[in-house]
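Just below is one structure, and these are the notes that go with it.
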Amino acid sequence: MNINLTLIAQALAFALFIWLTAKFIWPVLMRKIEERQKQIADGLAAGERGKQELEAAGKRAGEELAKARERVGEIIGSAEKRDAQMLDEAKAAARAEADRILAAARADIDQQVARAKETLREQVAALAVAGAEKILRREVNAQTHADLLGQLKREI
Amino acid sequence: MAAEQAMTPSSYIGHHLTFLQHPVGESSFWTLNVDSLVTAALLGVFSLGFLWWVVRGATSGVPGKRQAFVEILCEFVDNQAKDIFHGDRRFIAPTALTVGLWVLLMNAMDFLPVDILGWVTHFFAPHGFRFVPTADVNTTFALALSVWLLMIYFSIAVKGLGGWIHELFCTPFGSNVLLWLPNLLFNLVEYISKPLSHSLRLFGNMYAGEIIFLLLWMMAAAGYWGTVFAVPLGVIWAGFHILIVLLQAYIFMMLTIVYISMAHESH
Chain A
1 MNINLTLIAQ ALAFALFIWL TAKFIWPVLM RKIEERQKQI ADGLAAGERG KQELEAAGKR
61 AGEELAKARE RVGEIIGSAE KRDAQMLDEA KAAARAEADR ILAAARADID QQVARAKETL
121 REQVAALAVA GAEKILRREV NAQTHADLLG QLKREI
Chain B
157 MAAEQAMTPS SYIGHHLTFL QHPVGESSFW TLNVDSLVTA ALLGVFSLGF LWWVVRGATS
217 GVPGKRQAFV EILCEFVDNQ AKDIFHGDRR FIAPTALTVG LWVLLMNAMD FLPVDILGWV
277 THFFAPHGFR FVPTADVNTT FALALSVWLL MIYFSIAVKG LGGWIHELFC TPFGSNVLLW
337 LPNLLFNLVE YISKPLSHSL RLFGNMYAGE IIFLLLWMMA AAGYWGTVFA VPLGVIWAGF
397 HILIVLLQAY IFMMLTIVYI SMAHESH
């Protein structure tokens with residue numbers, strides 16, 4: 001229970017131990033712990049950032065999808081329009097072709113009618129001349145009445 | 157142990173309370189309690205060596221179980237310091253860790269059974285070897301006075317010498333000239349009582365614990381019934397003593413933090 005030199009020796013030992021702890025143990029461990037805290041904080045921040053980026057990407061994808069849908073609608077609309085237009089064009093072309101064929105057929109018919117008429121006229125004239133010849137052979141010669149016959153031919 | 161004489165209760169206790177002393181000078185002051193010194197030094201080297209060994213291999217990545225244990229210990233001390241002390245903890249926290257761990261281990265020496273360990277220490281210290289350094293008033297005073305010096309050092313470092321002297325004379329009652337003397341007396345009482353209560357609380361608890369163990373073992377030696385009663389009482393006291401050892405180490409550490417942080421605050 002008496003105070004002696006041990007006190008000073010223990011105090012020196014204590015000072016030495018404090019110095020050792022404060023110099024070689026405490027700061028090293030605290031640095032490691034702080035590094036880890038920083039790593040964890042960074043990791044959490046990165047996770048948060050990733051989440052935000054994912055959300056943004058999802059939003060962008062949705063926008064793209066909506067745009068694509070719109071475009072598809074446009075394409076379908078224009079295709080339908082083009083379809084109707086082509087149908088109309090084809091109809092018009094067919095009608096024109098039909099008209100043309102009809103006109104050509106008519107012209108052909110007209111021509112043939114005209115030719116038939118001509119032929120008929122010639123034959124009628126020849127027949128008339130033959131008839132008249134037969135009649136006139138007995139009364140007049142053909143040469144004197146040629147003018148009259150020509151006039152008659154034109155009138156038919 | 158003291159086999160040549162008949163063992164009396166006082167000789168048994170006296171024997172267990174004898175330091176292994178080594179005189180280095182003329183007067184009784186110039187004596188070293190080798191047992192306290194050696195045990196304290198070994199425990200300090202052991203505990204700090206363990207910490208240093210773990211810290212040297214510490215990683216900032218995923219810590220192993222050993223590193224996690226040391227980190228829990230350090231963070232516990234750091235949190236205690238943070239709650240009390242608002243400032244740079246690069247000195248106060250390691251100091252608290254050193255005090256807490258060291259005192260805890262020194263207190264824990266009380267768990268070792270005195271008479272069994274006595275067989276071993278008897279070979280090199282026939283007149284007694286006390287292996288609880290905190291039951292030596294020199295050790296507790298050494299710690300408390302070191303803290304006391306730190307207290308005065310930080311008072312002067314933070315407030316300046318003038319500020320410290322001003323505080324001695326002008327607080328807590330006021331700066332009136334008539335109050336200078338009461339203030340100084342009050343502060344002196346505080347400066348004297350702090351290291352005394354700090355050291356004697358620890359010393360008293362550990363010394364009393366040791367004495368009670370010795371009394372119980374003496375009772376165990378007093379015949380058949382003595383043994384029957386001493387064993388359960390010894391178990392109960394040992395269990396209770398675990399609490400005392402932990403609690404006193406904790407209190408000593410907390411008071412160290414409180415005293416040093418009080419020195420930083422101006423009143």
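Top to bottom, those sequences are chains A and B. In terms of the working numbering, the first sequence opens at residue 1 and continues consecutively. In terms of the working numbering, the second sequence opens at residue 157 and continues consecutively. Heads up, the beta-carbon is just placed ideally off N, CA and C, and yes, glycines get one too. Given the structure is predicted, the values throughout are model-derived calculations rather than measurements.
Residue-chain proximity (residue i, chain B), Cβ-Cβ < 7 Å
{"i": "A/Gly73", "result": "no"}
{"i": "A/Trp26", "result": "yes"}
{"i": "A/Ile40", "result": "no"}
{"i": "A/Ala56", "result": "no"}
{"i": "A/Gln10", "result": "yes"}
{"i": "A/Ala13", "result": "yes"}
{"i": "A/Glu35", "result": "yes"}
{"i": "A/Ile18", "result": "yes"}
{"i": "A/Ala45", "result": "no"}
{"i": "A/Lys237", "result": "Outside the modelled stretch of chain A, which goes from 1 to 156, sits residue 237 of chain A, for which no answer is possible."}
Segment limits, alpha helix (DSSP H) that includes residue i
{"i": "A/Thr6", "result": "Thr6 to Leu20"}
{"i": "B/Thr195", "result": "Val190 to Arg212"}
{"i": "B/His178", "result": "Not the alpha helix (DSSP H): B/His178 falls in the beta strand (DSSP E), residues Gln177 to Pro179."}
{"i": "B/Leu337", "result": "Trp336 to Ala376"}
{"i": "B/Ile401", "result": "Here residue 401 of chain B turns out to be Val, not Ile, going by the sequence shown. Note, B/Val401: alpha helix (DSSP H), Tyr380 to His420."}
{"i": "B/Asp239", "result": "Lys221 to Ile240"}
{"i": "B/Gly284", "result": "Per DSSP, B/Gly284 belongs to no alpha helix (DSSP H) and is neither H nor E."}
{"i": "B/Ile308", "result": "Val293 to Cys326"}
{"i": "B/Pro165", "result": "Pro165 to His172"}
{"i": "B/Met262", "result": "Ile248 to Ala264"}
{"i": "A/Gly150", "result": "Ala146 to Glu155"}
{"i": "B/Gly274", "result": "Val270 to Thr277"}
Nearest residue (CA-CA) to residue i, options the options
{"i": "B/Ser203", "options": "B/Ala264, B/Thr215 and B/Gln404", "result": "B/Ala264"}
{"i": "B/Val210", "options": "B/Ile407, B/Ile228 and B/Ser184", "result": "B/Ile228"}
{"i": "A/Pro27", "options": "B/His322, B/Phe247 and B/Trp381", "result": "B/Phe247"}
{"i": "B/Val314", "options": "B/Phe280, B/Gly284, B/Ala378 and B/His420", "result": "B/His420"}
{"i": "A/Arg36", "options": "B/Leu173, B/Val303, B/Gln223 and B/Val194", "result": "B/Gln223"}
{"i": "B/Val218", "options": "A/Ala114, A/Ile33, A/Ala96 and A/Ile135", "result": "A/Ile33"}
{"i": "B/Val414", "options": "B/Leu389, B/Ala281, B/Asp239 and B/Leu403", "result": "B/Asp239"}
{"i": "B/Ser166", "options": "B/Gly220, B/Ile367 and B/Cys326", "result": "B/Ile367"}
{"i": "B/Phe184", "options": "A/Asn4, A/Gly50, A/Val72 and A/Gly73", "result": "First, the residue type needs correcting, since residue 184 of chain B is Ser and not Phe in the sequence shown. Closest option to B/Ser184, Cα to Cα, is A/Asn4."}
{"i": "A/Ile8", "options": "B/Gly390, B/Thr164 and B/Ser302", "result": "B/Ser302"}
{"i": "B/Gly360", "options": "B/Pro338, B/Phe408 and B/Phe280", "result": "B/Phe408"}
Beta-carbon proximity of residue i to residue j, cut-off 7 Å
{"i": "B/Val233", "j": "B/Thr412", "result": "no"}
{"i": "B/Asp271", "j": "B/Val288", "result": "no"}
{"i": "B/Gly200", "j": "B/Trp258", "result": "yes"}
{"i": "A/Ala125", "j": "A/Lys153", "result": "yes"}
{"i": "B/Leu335", "j": "B/Phe329", "result": "yes"}
{"i": "B/Leu188", "j": "A/Thr6", "result": "yes"}
{"i": "B/Leu358", "j": "B/Thr290", "result": "yes"}
{"i": "B/Ser331", "j": "B/Trp320", "result": "no"}
{"i": "B/Arg286", "j": "B/Phe175", "result": "yes"}
{"i": "A/Arg106", "j": "A/Ile156", "result": "no"}
{"i": "B/Ala106", "j": "A/Ala11", "result": "In the structure as shown, chain B begins at 157 and stops at 423. Residue 106 of chain B is therefore absent and cannot be evaluated."}
{"i": "B/Ala364", "j": "A/Leu29", "result": "no"}
{"i": "B/Ala394", "j": "B/Ser355", "result": "no"}
{"i": "B/His190", "j": "B/His171", "result": "It is worth fixing the name first, because residue 190 of chain B is Val in this sequence and not His. Against a cut-off of 7 Å, the Cβ pair of B/His171 and B/Val190 comes out as no contact."}
{"i": "B/Met362", "j": "B/Tyr168", "result": "no"}
{"i": "B/Ser192", "j": "B/Thr296", "result": "no"}
{"i": "B/Trp208", "j": "A/Phe17", "result": "no"}
{"i": "B/Pro351", "j": "B/Trp381", "result": "no"}
{"i": "B/Val194", "j": "B/Trp186", "result": "no"}
{"i": "B/Leu340", "j": "B/Phe325", "result": "yes"}
Proximity test, Cβ basis, 7 Å: residue i and chain A
{"i": "B/Asn189", "result": "yes"}
{"i": "B/Asn361", "result": "no"}
{"i": "B/Val211", "result": "yes"}
{"i": "B/Pro351", "result": "no"}
{"i": "B/Ala264", "result": "no"}
{"i": "B/Ala405", "result": "no"}
{"i": "B/Pro250", "result": "yes"}
{"i": "B/Ser422", "result": "no"}
{"i": "B/Ala364", "result": "no"}
{"i": "B/Thr290", "result": "no"}
{"i": "B/Asn235", "result": "no"}
{"i": "B/Phe185", "result": "yes"}
{"i": "B/Ala158", "result": "In this predicted model, B/Ala158 has a pLDDT of only 40, less than 50, meaning its place in the structure is not dependable enough to derive any value."}
{"i": "B/Trp304", "result": "no"}
{"i": "B/Asn294", "result": "yes"}
{"i": "B/Cys326", "result": "no"}
Check: residue i C-beta below 6 Å from any heavy atom of the ligand PLP
{"i": "B/Leu371", "result": "This structure lacks the ligand PLP, and indeed carries no ligand of any kind."}
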